[in-house]
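Trainee: The numbering of the sequence shown is this note's numbering, which starts it at 2 and goes up by one.
Even for Gly, the Cβ is constructed at its ideal location relative to N, Cα and C.
All values reported here derive from a predicted model rather than from experimental measurement.
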Amino acid sequence: MANSVKKFAAERKLAKQRNENGPEISNSEIFSALRSVNATINAGFKEAYARIDALSEQAVAPDDIEEFSVTDLREELQGIMTHISTTKSEIAALKPKNETETDQITAATGELDAVVDATAAATSDILKAAEDLQTAVDAIRAEHAIESVENLDKNLDAIEMEGMNILMACGFQDLTGQRINKVVNTLRYIEDHIDALIKVWGITEGTADGALIANAPDDARPDQDLLHGPSTDGSGVSQDDIDALFD
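The structure is reproduced here in C-alpha cells:
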C-alpha cells in the first residue's frame, strides 16, 4: 500500500474551502481554455481579413487601374500649369500695367458716357437753332413790306447764323464716331483674349443668358424687356413685314 503524503492543517483547510466552493480547476484546464479562446480569436481575424480583401477586389479590380509612370504624371501636371499660366496672362492683359493707367473696360465706359453727353448737347443746340430759324422766318412774314425790306438783312443774317450753328452742332458726329471706334477696338481686344481663354480650357458650349445680355438686371422699367433699341441692317422686322399685316 502506497504511503499517502501527509498534509498540513493549512492545506487541509484550503482543500475543504475549495470543495465547498465547487470542484477544483487545474492549471492544465485553464491553459487549455486560453488556447481555445486564442484560436477562436485568430480564426475570426483571418475571416475578417479575407472579407476585406474580397471587398477590395470587387471595388477596384486590378485590370481597371491605369498605371501612370512618373513621366506621364509630370506631363499632366505640366499641362495643368501651362493652362493656368496662360489663363493668368490673358486675364492680366485686360488690366493696366500700373495703377495710374485706366483699364480698357473703364476707358470704354467713359467713351460711351462722352458719346451720350455729346449727342445730348448737340441735339439741344440743333433744336434751339431750328426754333430760332422759325422765329426769324415768322418775323419776316409778320412785318409790313417797308419794314420787312429794312429788316431783311438783319433777319437773313440771323437765319445764316443759325444755319452755321446747326452745321457746327452736327460736327458732334465726327467726335462721337471717333469715340465709338475706340470702344469697338476695346471690345475686340477683350474678345480676342476671352477667345484665347475659351480655346485654352476647351469650352465648346456657352451658358450666357440672352435676356441678361439684352437687358440690364437693375432696369426697373415695366417695359424694359421691350426696349431693345434700333435693329441692325438685315435683322428685326422690315417695313414690308409691317405693311403686310395691314394687307
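If you run the structure through DSSP and keep just helix, strand and coil, what is Ala-239?
Mentor: In the sequence shown, counting from the first residue as 1, residue 239 sits at position 238. Sequence inspection shows Ser at residue 239; the Ala mentioned does not correspond to that position. Correct three-state label for Ser-239: coil.
Trainee: Mind pulling the alpha helix (DSSP H) runs of 4 or more residues that sit fully within the segment 128-174?
Mentor: 146-151 and 153-171
Trainee: Taking only the alpha-carbon atoms, compute the straight-line gap between Ile-127 and Val-185 and give it to the nearest angstrom.
Mentor: Along the sequence shown, read from residue 1 onward, the residue named residue 127 stands at position 126. Along the sequence shown, read from residue 1 onward, the residue named residue 185 stands at position 184. So the two alpha carbons sit approximately 27 Å from each other.
Trainee: With distances taken between CB atoms, is the gap from Ala-170 to Ala-123 smaller than 8 Å?
Mentor: As a first step, residue 170 is located in the sequence shown; it is residue number 169 there, counting from the start. As a first step, residue 123 is located in the sequence shown; it is residue number 122 there, counting from the start. Contact check for Ala-170 against Ala-123 passes: the beta carbons are separated by less than 8 Å.
Trainee: Over what stretch of residues does the alpha helix (DSSP H) that includes Gly-80 continue unbroken?
Mentor: As a first step, residue 80 is located in the sequence shown; it is residue number 79 there, counting from the start. Taken as a continuous stretch (DSSP letters only), the alpha helix (DSSP H) holding Gly-80 covers 71-93.
Trainee: Does the beta-carbon of Thr-72 have 16 or more other beta-carbons within 10 angstroms, so that it is buried, or is it exposed?
Mentor: What you label residue 72 is simply residue 71 of the sequence shown in a count that begins at 1. So Thr-72 ends up on the exposed side.
Trainee: Any chance the segment 84-95 sits against the segment 194-201, with 3 or more Cβ pairs inside 8 Å?
Mentor: yes
Trainee: Please say whether Thr-120 and Thr-177 have beta carbons closer to each other than 8 Å?
Mentor: Here residue 177 refers to the residue found at position 176 of the sequence shown. Here residue 120 refers to the residue found at position 119 of the sequence shown. Going by C-beta atoms, Thr-177 is nearer than 8 Å to Thr-120.
Trainee: Determine the DSSP secondary structure at Gly-203, reduced to helix, strand or coil.
Mentor: One-based indexing of the sequence shown puts residue 203 at position 202. Per DSSP, reduced to three states, the secondary structure at Gly-203 is coil, with no helix or strand assignment.
Trainee: By Cβ distance, which residues of its chain are closer than 8 Å to Ala-140, with the 5 residues on each side in sequence left out?
Mentor: For the purposes of this step, residue 140 is identified with residue 139 of the sequence shown, where counting begins at 1. Contacts found: Asn-152 and Asn-156.
Trainee: Exposed or buried, Val-116, counting other C-beta atoms within 10 Å across all chains shown (16 or more means buried)?
Mentor: Along the sequence shown, one-based indexing puts residue 116 at 115. Label assigned to Val-116: buried.
Trainee: Which value, in whole angstroms, describes the spacing of the CA atoms of Ile-181 and Leu-113?
Mentor: Taking the sequence shown and counting its residues from 1, the one referred to as residue 181 is at position 180. Taking the sequence shown and counting its residues from 1, the one referred to as residue 113 is at position 112. Looking at the two C-alpha atoms, the distance is approximately 7 Å.
Trainee: Just to confirm my understanding: we take His-84, look at its own chain, exclude 5 residues before and 5 after, and list those with CB closer than 8 Å. What are they?
Mentor: Translated into the one-based positions of the sequence shown, residue 84 becomes position 83. Cβ within range, chain order: Val-201 and Trp-202.
Trainee: Mark Glu-192 as exposed unless 16 or more other C-beta atoms lie within 10 angstroms of its C-beta, in which case mark it buried.
Mentor: Here residue 192 refers to the residue found at position 191 when the sequence shown is read from its first residue. Answer is exposed; the Cβ neighbour count stays below 16.
Trainee: In whole angstroms, what is the alpha-carbon distance linking Ser-125 and Gly-172?
Mentor: Numbered from 1 along the sequence shown, position 124 holds the residue referred to as residue 125. Numbered from 1 along the sequence shown, position 171 holds the residue referred to as residue 172. Ser-125 and Gly-172 have their C-alpha atoms roughly 13 Å apart.
Trainee: Report yes if the C-beta distance between Thr-187 and Ala-93 is below 8 Å; otherwise report no.
Mentor: Along the sequence shown, read from residue 1 onward, the residue named residue 187 stands at position 186. Along the sequence shown, read from residue 1 onward, the residue named residue 93 stands at position 92. No; because the gap between Cβ atoms is not below 8 Å, this pair is not in contact.
Trainee: Rounded to whole angstroms, what's the CA-CA distance from Pro-63 to Ile-42? Just pull it up for me.
Mentor: Here residue 63 refers to the residue found at position 62 of the sequence shown. Here residue 42 refers to the residue found at position 41 of the sequence shown. Its pLDDT being 49, under 50, Pro-63 is placed unreliably in this model, and the value from its coordinates should be taken loosely. Those two C-alpha atoms are separated by around 31 Å.
Trainee: How big is the Cα-Cα spacing for Lys-47 and Arg-36?
Mentor: The residue given as residue 47 occupies position 46 in the sequence shown. The residue given as residue 36 occupies position 35 in the sequence shown. Put simply, the backbone Cα of Lys-47 is about 16 Å away from that of Arg-36.
Trainee: Short of 7 Å in beta carbon distance, which residues of its chain neighbour Leu-134, apart from the five on each side in sequence? Order them along the chain.
Mentor: The count along the sequence shown starts at 1 and reaches residue 134 at position 133. For Leu-134, where only same-chain residues beyond five positions count, the Cβ hits under 7 Å are Ile-160 and Glu-163.
Trainee: For Val-167, which residues in the same chain have their Cβ closer than 6 Å to its Cβ, ignoring the five residues on either side in sequence?
Mentor: Within the sequence shown, the letter at position 166 stands for residue 167. For the record, residue 167 in the displayed sequence is Ile; it is not Val. So the list reads Ile-127 and Ala-130, once near-sequence residues are dropped.
Trainee: Straight-line CA distance for Ile-66 to Tyr-190?
Mentor: The residue given as residue 66 occupies position 65 in the sequence shown. The residue given as residue 190 occupies position 189 in the sequence shown. Per-residue confidence for Ile-66 stands at a pLDDT of 48, beneath the threshold of 50, marking its modelled position as unreliable; no derived number is given.
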